[in-house]
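Written below as structure tokens is the structure these notes are about.
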Amino acid sequence: MSLDLKSGPLGRSPPASEVVAWGALSRQASRITNYHAFARFYDAVQGDGAERAAFIRQLIARHAPSASTVLELACGTGSILEHLQADYEVTGLDTSAPMLEVASVKLPEVRLVEADMTQFELGERFDVVLCVYDSINHLLEYRQWEAVFDRADEHLDRGGIFLFDINTERRLAALSDLPPSVHWFGEGHLLVMKVQGNGDGGVVWSLRIFEHQGGDRYLLHSEDIREVSFPRRRIEESLRQRFRRVWAHDERRQRATSASGRIHFVAMK
1 MSLDLKSGPL
11 GRSPPASEVV
21 AWGALSRQAS
31 RITNYHAFAR
41 FYDAVQGDGA
51 ERAAFIRQLI
61 ARHAPSASTV
71 LELACGTGSI
81 LEHLQADYEV
91 TGLDTSAPML
101 EVASVKLPEV
111 RLVEADMTQF
121 ELGERFDVVL
131 CVYDSINHLL
141 EYRQWEAVFD
151 RADEHLDRGG
161 IFLFDINTER
171 RLAALSDLPP
181 SVHWFGEGHL
191 LVMKVQGNGD
201 GGVVWSLRIF
211 EHQGGDRYLL
221 HSEDIREVSF
231 PRRRIEESLR
241 QRFRRVWAHD
251 ERRQRATSAS
261 GRIHFVAMK
């Protein structure tokens, strides 16, 4: 599961002078790797995923109306599966043990698998394979994207769908032009985020979380997360080599276009 920090329940933004003062209070730092430290902050920053889950449900109903089983790759803390479990038999897969630990609390009856979404083998098939929250954008080489396409194909029943979303090249470029953003969330915690281009068409999300320790004490957690995207035409060509039919959707527009910032692809086996 990835980040879309523009959609979370974020509070007021303090003036820059206040940010500097807060930064000076932090004397310790922990590096976040595979969301090991960030897992417990993720839901507070992102929200409950209800709106995104509703759109995913619409796409499933449209393209696989008889679906009963769902596998989500990069399921993170399980916010999407939490909304789908009432209507489908759901399974989650993620490479981050801390994220799965959070998911297991919310989804005690759901099977959760710790595995790499480019290499897993579950030995069974599903009606729907999901990979959302632009999680595939974190795979920096296109061969890794194609490995996910292959894994999804291998785990789908005939007539099943692979549904995933991406941050487009256009959106990543637009994000890298924005100034840093600063937000309060949770119990007095502070998030500072900057998205910067890395020179090869991708971006780096620089995240700094100041965890409130009580009084005027804060613990700094930091992570630099890389994302990359690829042309829509290239993605669709790869999908058509593996799947019978391919669609592209934009939840903000009537159809996906060159202006789309996020595209949901649906590929039918």
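Letter 55 of the sequence shown, counting from 1, is numbered 55 in my numbering, and no numbers are missing.
Every residue, glycine too, gets a C-beta built ideally from N, C-alpha and C.
For clarity, every value in this text was computed on a predicted model and none was experimentally measured.
message: By alpha-carbon positions, which one of 54, 256, 144 ends up nearest to residue 117?
response: Here the question's residue 117 lines up with position 117 in the sequence shown. Of 54, 256, 144, the residue nearest in Cα terms is 144.
task: Give the DSSP bridge partners of residue 184, in chain order.
output: Taking the sequence shown and counting its residues from 1, one reaches residue 184 at position 184. Paired residue(s): 190.
message: Within 8 Å, do at least three Cβ pairs link the region 160 to 172 to the region 117 to 131?
response: Touching, per the Cβ criterion.
- prompt: Rounded to whole angstroms, how far is the Cβ of residue 149 from the Cβ of residue 255, which I believe are closer than 8 Å?
  reply: Sequence index remark: in the sequence shown, residue 149 carries index 149 (1-based). Sequence index remark: in the sequence shown, residue 255 carries index 255 (1-based). At roughly 22 Å, the Cβ-Cβ gap does not stay under 8 Å, so residue 149 and residue 255 are not in contact.
message: If distances are taken between C-alpha atoms only, which option among 91, 267, 236 comes closest to residue 122?
response: On the sequence shown, position 122 is the one that residue 122 refers to. Here the closest residue by C-alpha is 91.
task: Could you tell me whether any non-hydrogen atom of the ligand FMN is closer than 8 Å to the CB of residue 170?
output: This structure lacks the ligand FMN; in fact it carries no ligand of any kind.
Where residue 133 falls: helix, strand or coil (DSSP): One-based indexing of the sequence shown puts residue 133 at position 133. Here residue 133 sits in coil by DSSP.
message: Relative to the C-alpha of residue 120, which candidate in 155, 188, 88 has its C-alpha closest?
response: The sequence position of residue 120 within the sequence shown is 120, counting from 1. Out of 155, 188, 88, 155 has the C-alpha closest to the C-alpha of residue 120.
- prompt: Cα separation between residue 136 and residue 264?
  reply: Numbered from 1 along the sequence shown, position 136 holds the residue referred to as residue 136. Numbered from 1 along the sequence shown, position 264 holds the residue referred to as residue 264. In a straight line, the C-alpha of residue 136 is about 12 Å away from that of residue 264.
query: How many angstroms separate the CA atom of residue 190 from the CA atom of residue 225?
result: Counted from its first residue, the sequence shown places residue 190 at position 190. Counted from its first residue, the sequence shown places residue 225 at position 225. Distance between the alpha carbons of residue 190 and residue 225: 18 Å.
query: Does DSSP put residue 117 in a helix, a strand or coil?
result: Position 117 of the sequence shown, counted from the first residue, corresponds to residue 117. Residue 117: coil per DSSP, three-state reduction.
field: Terminal residues of the alpha helix (DSSP H) in which residue 218 lies
entry: Here residue 218 refers to the residue found at position 218 when the sequence shown is read from its first residue. Taken as a continuous stretch (DSSP letters only), residue 218 belongs to no alpha helix (DSSP H), being part of the beta strand (DSSP E) at 217 to 227.
- request: Output the residue ranges of the alpha helix (DSSP H) runs that lie fully inside the region 45 to 128 and measure 4 residues or longer, sorted by chain position.
  value: 50 to 63, 79 to 84, 97 to 106
query: Counting Cβ pairs closer than 8 Å, one from the region 202 to 221 and one from the region 231 to 238, do we hit at least three?
result: no
query: With DSSP run on the structure shown, which of helix, strand or coil describes residue 206?
result: As a working mapping, residue 206 is identified with position 206 in the sequence shown. Here residue 206 sits in strand by DSSP.
message: Can you list, in chain order, the residues of its chain with a C-beta nearer than 7 Å to that of residue 81? Leave out the 5 residues immediately preceding and following it.
response: As a working mapping, residue 81 is identified with position 81 in the sequence shown. Same-chain partners within the cutoff: 72, 75, 90, 92, 107, 110.
task: Evaluate residue 258 with the Cβ neighbour count: other Cβ atoms within 10 Å of its Cβ, from every protein chain shown; 16 or more gives buried, anything less gives exposed.
output: Along the sequence shown, one-based indexing puts residue 258 at 258. It counts as exposed.
field: Beta-bridge pairing of residue 198 - partner residues as DSSP gives them
entry: To locate residue 198, count along the sequence shown from 1; it is residue 198. Bridge partners of residue 198: none, in fact.
Residues that residue 247 bridges to, as DSSP identifies them: Mapped onto the sequence shown, residue 247 falls at position 247. Beta-bridge pairing links residue 247 to 266.
task: Kindly identify the DSSP beta-bridge partner or partners of residue 163.
output: For the purposes of this step, residue 163 is taken as the residue at position 163 of the sequence shown. In DSSP, residue 163 forms a bridge with 130, 266.
The alpha helix (DSSP H) enclosing residue 238, as first and last residue numbers: Along the sequence shown, one-based indexing puts residue 238 at 238. Segment 232 to 240, the alpha helix (DSSP H) holding residue 238.
task: Assign residue 138 to one of three DSSP states: helix, strand, or coil.
output: Taking the first residue of the sequence shown as position 1, residue 138 is located at position 138. Helix, per DSSP.
query: How about residue 171 and residue 260: do their beta carbons lie closer than 9 Å?
result: As a position in the sequence shown, residue 171 is number 171, starting the count at 1. As a position in the sequence shown, residue 260 is number 260, starting the count at 1. Yes, they are a contact pair.
query: Tell me which same chain residues have a C-beta within less than 6 Å of the C-beta of residue 65, skipping the five on either side of it?
result: Stepping through the sequence shown from its first residue, residue 65 is reached at position 65. The answer is none, since no qualifying residue turns up.
query: How would you call residue 28, buried or exposed, if buried means at least 16 neighbouring beta carbons within 10 angstroms?
result: Here residue 28 is taken as the residue at index 28 of the sequence shown, counted from 1. Per-residue confidence for residue 28 stands at a pLDDT of 40, beneath the threshold of 50, marking its modelled position as unreliable; no derived number is given.
task: Reducing DSSP to helix, strand and coil, say where residue 177 ends up.
output: Indexing the sequence shown from 1 puts residue 177 at position 177. Three-state result, residue 177: coil.
query: For residue 57, which residues of its own chain have a beta-carbon under 8 Å away from its beta-carbon, when the five flanking residues on both sides are left out?
result: Within the sequence shown, residue 57 is the residue found at index 57, counting from 1. Only 83, 84, 87 meet the Cβ criterion.
- prompt: Measuring CB to CB, does residue 52 end up less than 9 Å from residue 132?
  reply: As a first step, residue 52 is located in the sequence shown; it is residue number 52 there, counting from the start. As a first step, residue 132 is located in the sequence shown; it is residue number 132 there, counting from the start. Yes, the Cβ-Cβ distance between residue 52 and residue 132 is below 9 Å.
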